[in-house]
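Report on the structure given below.
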Amino acid sequence: MTPIKECLVNKNTNTNPIWLMRQAGRYLPEFRDIRKHNTNFITLCLNSDLSETITLQPIERFNFDAAIIFSDILMVPYGLGQKVEFKKNFGPNLGEIDLNVLSSINELTFSQRLSPIYKLLKNLTKSKKLENKDLIGFVGAPWTLLVYMINKISPKNGLSEIFYNDPGLIDELLRLLDKFIKIHIKNQVNSGATIIQIFDSWAGLIKKDFDKYLYDPTVSLVNYTKELGVPVVCFPRGITDYPKFCEIVKPDMVNIDYNTKPEKLIENIDIPIQGGMDPKILLTDKKKLRYEVLRYLKIFRDHPYVFNLGHGILPETQIDMVDELVKIVREFK
Ligand code: CP3
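735 is the number of the first residue of the sequence shown in the numbering used here; add one for each residue after it.
Right under this line is the structure:
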């Protein structure tokens, strides 16, 4: 059994596996090197060979317990026929929604568009470098994808005023997202993903209709993934009530964000927990890093815990801080 499955399935508390969200990314010089010559991010995600190299980069450097495929949650809107671009120093930028186009996409067309991702997974399952490690596939949660599809850009400065203006559009998009996210999960599992993580990065923006936007769509995906026989991890970033989320959604593991107080949680959550530490700690110094990492490891000493961050690793992070982080986690008894 892999170290993460020991934790997740067997509820073993004697092991603290580690991997990091966004571990395949811009803090790695070897990633930046490839990115320099590949200016179109979507094309890069659809290049199975380069994506394989990038997925394995953090494994080779840090020997993490899981590889997460180099891809993006916005590949689903792309597969549905919405234009998706990434602008330098700006982030994602999506095109107008044409419901006629989106509604006419069938499973075959969608799967063909995203087939390099499934090829990437198939190739990775053959890699010797992933022996006794998990291979994590992922999707964006319906709410977070709805946010990007309607808002068109990152909602870091809030949702656009017209976000809720067209309830018919929202309902139709949620219906399409449920259907096609499931297809994307199924294809990833059939191609070798051993765990699925659902990223709901903007769950914290939901202020009303929690059933409609958060619970119902996530329960639907979690139940579907469980039926496929693969553990599912949820990351509802920014929500205020993680225990309630776990009770309703029942994922196999929950990834907490860095605003969540871990010591309170273990009393109220009985499923394995992942993550939590503020990625900004990696921008400080080794003393502060050791203190924070040990704080999390001690709090979760008697609780199944996978070390990870409370959001993706920042591009400014220095490699030697990640080396130190891995060392501290591995040496902890
Ligand atoms: O975790 C990993 O290493 C696997 C790869 C991965 C990427 N994106 C690669 C990427 C994963 C799991 C994602 C998920 C993702 N993508 C999320 C959910 C997690 C989160 O961060 O909240 C979201 C919201 C996105 C959408 C997205 N993609 C944004 C907002 C951006 C640009 C800004 C940013 O923070 O990087 C991307 C681009 C992106 N996705 C990059 C990478 C390595 C950077 C591309 C580059 O400019 O080189």
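Every residue gets a Cβ at the ideal spot worked out from N, C-alpha and C, and that includes glycine.
query                                                                                                                                              : result
Starting from ILE788, trace the alpha helix (DSSP H) in both directions and tell me its first and last residue.                                    : 782 to 796
Are there 16 or more other CB atoms within 10 angstroms of the CB of MET735, so buried, or fewer, so exposed?                                      : exposed
What first and last residue would you give for the beta strand (DSSP E) that runs through LEU1043?                                                 : Element bounds for LEU1043: n/a, residue is neither H nor E.
I'd like to confirm the pairing. Which residues does DSSP put opposite PHE872 in its beta bridges?                                                 : GLN931
Use the C-beta contact count for THR846: other C-beta atoms within 10 angstroms, 16 or more gives buried, fewer gives exposed.                     : Note that residue 846 corresponds to Gln in the displayed sequence, not to Thr. The residue in question, GLN846, is exposed, as its Cβ has fewer than 16 Cβ neighbours within 10 Å.
I need the straight-line Cα distance from LEU880 to LYS1067, nearest angstrom please.                                                              : 43 Å
Tell me, please, which residues DSSP counts as bridged to VAL743.                                                                                  : Beta-bridge pairing links VAL743 to no other residue.
By how many angstroms is the C-alpha of PRO1006 removed from the C-alpha of VAL743?                                                                : 9 Å
Just to check my reading of the structure: SER782 and LYS853 have Cβ atoms closer than 8 Å, yes? What is that Cβ distance to the nearest angstrom? : 4 Å
Is GLN757 a contact residue of the ligand MN, with contact defined as CB to any heavy atom under 6 Å?                                              : This structure simply doesn't include the ligand MN; it includes the ligand CP3 instead.
I need the boundaries of the alpha helix (DSSP H) containing PHE1086, first residue and last residue.                                              : Residue 1086 is absent from the model: the chain starts at 735 and stops at 1067.
Run the CB neighbour count on HIS771, radius 10 Å, all protein chains shown included, and call it buried at 16 or more, exposed below.             : exposed
Using only the heavy atoms of the ligand CP3, determine whether one of them is closer than 6 Å to the beta carbon of ASP1057.                      : no
Please report how far the alpha carbon of VAL967 lies from the alpha carbon of LEU784, in whole angstroms.                                         : 26 Å
If we ignore side chains and look at the alpha-carbon of each, how far apart do ILE896 and VAL953 end up?                                          : 27 Å
In chain order, which beta strand (DSSP E) runs of at least 3 residues are fully inside the region 840 to 889?                                     : 868 to 874
Is any heavy atom of the ligand CP3 found at a distance shorter than 6 Å from the C-beta of GLY1044?                                               : no
So, do the region 869 to 876 and the region 754 to 767 have three or more beta carbon pairs nearer to each other than 8 Å?                         : no
Taking the alpha carbon of ASP975 as the reference point, which residue from ILE990, ASP986, LEU962, GLU961 has its own alpha carbon closest?      : ILE990
Can you have a look at PRO1049 and say buried or exposed, based on whether 16 or more other CB atoms are within 10 angstroms of its CB?            : exposed
Tell me whether ASP1012, by its Cβ, gets closer than 6 Å to a heavy atom of the ligand CP3.                                                        : no
Which first and last residues belong to the beta strand (DSSP E) in which ILE802 is found?                                                         : 800 to 802
Would you kindly work out how many angstroms separate the C-alpha atoms of PHE844 and VAL1056, rounded to a whole number?                          : 37 Å
Do the region 958 to 965 and the region 929 to 943 meet, that is, are 3 or more Cβ pairs less than 8 Å apart?                                      : yes
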